[in-house]
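Colleague: Chains as they are written, first to last, in the working numbering: chain A, 1 to 304; chain B, 1001 to 1304; chain C, 2001 to 2304.
Glycine residues also receive a C-beta, built at the ideal position from the N, C-alpha and C atoms.
Below you'll find the structure I mean.
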Amino acid sequence: MPRESPAALRIGELSRRLGVSEHVLRAWERRYGVLQPRRAPGGYRLYSALDEDRLRRMQAHLAHGMSAAEAARAALDQEAAGDALDTDSNRRRQGIPGLAGALRHALDELDEPAAQATLDRLLAEFTVETVLRDVVLPYLRELGQRWQHGRVTVATEHFASNLLRGRLDNLARGWGRGYGPQAMLACAPGELHDLPLLAFGVVLHRTGWRVRYLGADTPLADLTRSAAELRPDLVVLTATTARRLDGLTDHLARLARLAPLALAGAGATATTAAAAGACLLTDDPVTAAEQMAHPTPGRGPADT
Amino acid sequence: MPRESPAALRIGELSRRLGVSEHVLRAWERRYGVLQPRRAPGGYRLYSALDEDRLRRMQAHLAHGMSAAEAARAALDQEAAGDALDTDSNRRRQGIPGLAGALRHALDELDEPAAQATLDRLLAEFTVETVLRDVVLPYLRELGQRWQHGRVTVATEHFASNLLRGRLDNLARGWGRGYGPQAMLACAPGELHDLPLLAFGVVLHRTGWRVRYLGADTPLADLTRSAAELRPDLVVLTATTARRLDGLTDHLARLARLAPLALAGAGATATTAAAAGACLLTDDPVTAAEQMAHPTPGRGPADT
Amino acid sequence: MPRESPAALRIGELSRRLGVSEHVLRAWERRYGVLQPRRAPGGYRLYSALDEDRLRRMQAHLAHGMSAAEAARAALDQEAAGDALDTDSNRRRQGIPGLAGALRHALDELDEPAAQATLDRLLAEFTVETVLRDVVLPYLRELGQRWQHGRVTVATEHFASNLLRGRLDNLARGWGRGYGPQAMLACAPGELHDLPLLAFGVVLHRTGWRVRYLGADTPLADLTRSAAELRPDLVVLTATTARRLDGLTDHLARLARLAPLALAGAGATATTAAAAGACLLTDDPVTAAEQMAHPTPGRGPADT
DNA sequence: ATAGGTTTTGTCAAGCTTTTGTACAT
DNA sequence: ATGTACAAAAGCTTGACAAAACCTAT
């Protein structure tokens, strides 16, 4: 993010870059107020990169047949509306940390276009796995913490969740098709955070699995019935709190006899897993999915 | 959606765009009230994009033989009735045919932003398989035909190929990972059209396969060496002309003994396939990939 | 690199390294305070490596059109903000060489997941420009040489090209949009190596240009027609061998009259460029694109 | 459609100041 | 090495001008 004046161009350089004479630049400043350059000690005009962008927008409008006065006004209006940020900040911020920051900012500000654009860029430059592991999941963790400390409004939490869910849904599209082994994913009863599970499913599908997704707050009875019917090669159950699994050990053990069972999330402990005859996933969702080899039907994934 | 006055055209520009003299525009305003442009400080008329749309509708009516007065009235009535949204709604909601048309138009006009936006919309609303099968591959076929008849410039062909290849590459990213069976894809020696093969690989990956892509114009010796090393579960070779496979039967037979071999493309005939001990793919690339079940190692894919 | 300052350059050496006269160095010290060299017993100025870095940053700003005073201030500001570590950290983390090696290995082994992951890491830690200039382009050069000496199979060459093209295409996405000047890129007739040109386009777009890409093997007639239609602010044509441009001088000259023309690649010589009225790009693609200032419409890029 | 008046907008000039690389003297 | 001097290049401001574009009314 450019602090104050990322670049301090003088009028000659600006004129050269834009192909507009210095006289005209001064005239536009005087007549339409498109520019308000700060001044060097000696009085020289010093233009910022923002100024340059604004003039380019104005030139684009001119090329489309607008009058100079209207083109200037339109260029300024765009800026006020926030359209201008695209060119500049997107070009400058780069790399995972910068883009992750941009995403967080956009989500915090409830700025959907900016958030979508940032995700577009992330997915254009990096693989899905990297984006999920290094950007989306860390953001979700942070959001959860801020939530617990009351440092985030309900609106923000909803907005971010829905937007990210939309993107994940998109990546998930078609994950039930194909010929790979089948996994069944569900959140424990009472558990509402299913985004990490969604991410897990997306990556799992990308390694060749078919995914059947039951989502948040799934009663064990339902899960068991489905498992009995479909006989998946893997069932994954997540819980963020140990409480969600309290008193379910017997039920889980019964489920684990139907299909290989894996527990994940902060609420899943080695003790619970052992008691239920399930395997425990401790890595982050992306890594866990990547390491999930094709299980041999009949054996638990723990054997791998 | 443009806020107030998305564009502020002056009478000269509007006249140029519509091919109607300025005098006439003023007359229509005075006599029929088709236009009520807002004014610049100095009194100049400033027209909006809506005004332009309205005049186009009026022109359409004129071309159909209406009198000027009637045409103006009709254009205004349409607006009052809400039909005016046509122009706009056409941009908003469209099915496969409309979007396919929009894509073709954008590619023919070398308009990258429009083409990318159309692809974005297609992929947002439909599955990858649908977009490839019903839009991209048909377009490529048509492009090939126009090319043969000299009805398309090299520039257009290059532009469209490069752009579509970019999107396909994006969908292909990561197709080598996972634990599914492995497929090796290549074009016959001399064969340069690899876009359908790319599409095939993309869909194949989405059904759980790992893909190793060798691309256009691959010498059989190289393909055979790689196959011997990697022992893929499937090798697919494409050719658009039968000539590309001339005299290669023996070599193909040797390759087919190393790994299950499939021939595809207009150049692959049942005879060649039979002679080489290969299987023949006749469906379109997307369907072919979808129907490709996991082959049992050792047996040819034809057995399925 | 040690951060203290054991490296004690005297003004002559510093002047030689930077290509800046001793007088100017002293003037900059006096006028802008960019330097505060410690003194040898005899009064000689002794500069540290930090001083050299700072001056290089200042020179970079100067090359971008800033005034000396502003360039000095910016260089100092960067240091205060901690951006200065860039130069240093790049040298400290053995990142680039190690990752470049990992990439080469992965590509040689046809290992797509590893190659993608390495590229993810490179792009996460470094700018696109750095990754292209210091990793991708050198690899392509090396690949070309190994190719000529028959030390690489077609399969490897295809695999690496396709994978890198995929990443470049992604970085290129949307390069046709924006408000900047427009460049048209193409390879000479018969020329098939378009990856460096793609990289050039990517960087060019990131400096604000719009790019229209015609790709490999473009007939001059098509290029000329498109140029006549679109009137771009720059046309870049590349050729790896002088043979590709043989006998095209007249045609090139005609093209150069339509739009500013630049020739690039090993096949482009000063003689050919001069004869055609074109400008010659000798730097690597990334540097060339970075140095391509915004051209004044109507004037050739040669004026710069 | 023409005529006569107004607005817009790019361009230029004159006179003066600031910036900055280089040179000279100590 | 230091400090002063200098001159070319680049800028600033005010004011004015003229071609192009546009207006109204006949």
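1. Would Q2116(C) count as contacting chain A if we go by Cβ distances under 9 Å?
2. Just the Cα atoms here: how many angstroms apart are L18(A) and Y1032(B)?
3. Counting only beta-carbon separations shorter than 9 Å, does L248(A) have a partner in chain C?
4. So what does DSSP say about L1258(B), is it helix, strand or coil?
5. I'd like to know if the segment 280-295 of chain A and the segment 25-42 of chain A are in contact, where contact means that at least 3 CB-CB pairs between them fall below 8 Å.
6. What's the call for N162(A), buried or exposed, on a 16-neighbour Cβ count within 10 Å?
7. Within the 9 Å Cβ cut-off, does N170(A) reach chain B?
8. Could you have a look at V2024(C) and say whether DSSP puts it in helix, strand or coil?
9. Counting contacts by CB-CB distance shorter than 9 Å, is E290(A) in contact with chain B?
10. Would you mind giving the Cβ-Cβ distance between M1184(B) and L1230(B), rounded to the nearest angstrom? I have them listed as a contact below 8 Å.
11. State the Cα-Cα distance for the pair S15(A) and S21(A), rounded to the nearest angstrom.
12. Quick one: residues in its chain with C-beta nearer than 7 Å to the C-beta of A1072(B), no 5 flanking neighbours on either side, listed in chain order?
13. Nearest to F2200(C) by alpha carbon, out of G2095(C), P2285(C), S2067(C), I2096(C)?
14. For D1303(B), I'd like the list of residues in its chain whose CB is within less than 6 Å of its CB, leaving aside the five on either flank, ordered along the chain.
15. What residues in the segment 1207-1222 of chain B bring their beta carbon closer than 7 Å to a beta carbon of chain A?
16. When you compare only the Cα positions, how much space is there between R1960(C) and T1224(B)?
17. If we ignore side chains and look at the alpha-carbon of each, how far apart do R1026(B) and S2226(C) end up?
18. Would you report the Cα separation of V136(A) and V2154(C), rounded to the nearest angstrom?
19. So, does the CB of G1019(B) fall closer than 9 Å to a CB anywhere in chain A?
20. What did DSSP end up calling T1238(B) once you bin it into helix, strand or coil?
21. Does the CB of G178(A) have a neighbour CB from chain B at under 9 Å?
22. With T2287(C) and G2267(C) assumed to form a contact (beta carbons below 8 Å), what rounded beta-carbon distance in angstroms separates them?
23. State yes or no: is the beta carbon of F126(A) nearer than 9 Å to at least one beta carbon in chain C?
24. Mind listing the chain A neighbours of M2058(C)? Cutoff is C-beta to C-beta under 9 Å, in chain order.
25. Between which two residues does the alpha helix (DSSP H) harbouring R133(A) extend?
26. For V2211(C), which of helix, strand or coil comes out of DSSP?
27. Chain A partners of G1150(B), CB-CB under 8 Å?
28. Give the C-beta separation of T272(A) and T238(A) to the nearest angstrom, bearing in mind that I take them to be a contact with Cβ-Cβ under 8 Å.
29. Let me know the secondary structure DSSP gives R2091(C) once reduced to three states.
30. Give me the residue from G2166(C), D2077(C), I2096(C), Y2179(C) with the minimum Cα distance to L62(A).
31. Give the C-beta separation of G277(A) and A256(A) to the nearest angstrom, bearing in mind that I take them to be a contact with Cβ-Cβ under 8 Å.
32. Going along chain B in order, which residues have a C-beta closer than 8 Å to the C-beta of G2174(C)?
33. Between the C-alpha atoms of G1166(B) and H158(A), what's the straight-line distance to the nearest angstrom?
34. Quick check: the Cα distance between R1104(B) and L119(A), rounded to an integer number of angstroms?
35. In whole angstroms, what separates the C-alpha of L110(A) from that of G101(A)?
36. The alpha helix (DSSP H) spanning M184(A) covers which residue range?
Modeller: On the basis of the supplied data:
1. Judged by the 9 Å Cβ criterion, Q2116(C) is in contact with chain A.
2. So the alpha carbons of these two residues sit roughly 43 Å apart.
3. no
4. Three-state result, L1258(B): helix.
5. no
6. exposed
7. yes
8. helix
9. yes
10. 7 Å
11. 6 Å
12. W1028, Y1032, V1034, M1058
13. P2285(C)
14. Any reading at D1303(B) must be qualified, since the residue scores a pLDDT of 39, below 50, and its modelled position is unreliable; the value itself is stated next. There are no such residues.
15. T1207, G1208
16. Residue 1960(C) falls outside the range modelled here, since chain C spans only 2001 to 2304, and no answer is possible.
17. 37 Å
18. 39 Å
19. no
20. strand
21. yes
22. No, T2287(C) and G2267(C) are not in contact; Cβ-Cβ is about 19 Å, not under 8 Å.
23. yes
24. Result: empty, since nearest Cβ-Cβ is about 13 Å, beyond 9 Å.
25. Taken as a continuous stretch (DSSP letters only), R133(A) belongs to no alpha helix (DSSP H), as it is neither H nor E.
26. strand
27. Going along chain A, no residue has its Cβ under 8 Å from G1150(B), so there is no contact; the nearest lies around 33 Å.
28. So it is not a contact: roughly 12 Å between Cβ atoms.
29. Because R2091(C) sits at a pLDDT of 44, beneath the cut-off of 50, its placement in the model cannot be relied upon, and the following sentence gives the value as read from the coordinates. R2091(C) falls in the helix class under three-state DSSP.
30. Y2179(C)
31. The distance from the Cβ of G277(A) to that of A256(A) is about 4 Å, consistent with a contact at the 8 Å cut-off.
32. E1112, P1113, Q1116
33. Straight-line Cα distance between these residues: approximately 34 Å.
34. 27 Å
35. 14 Å
36. Segment 182-187 is the beta strand (DSSP E) holding M184(A); no alpha helix (DSSP H) there.
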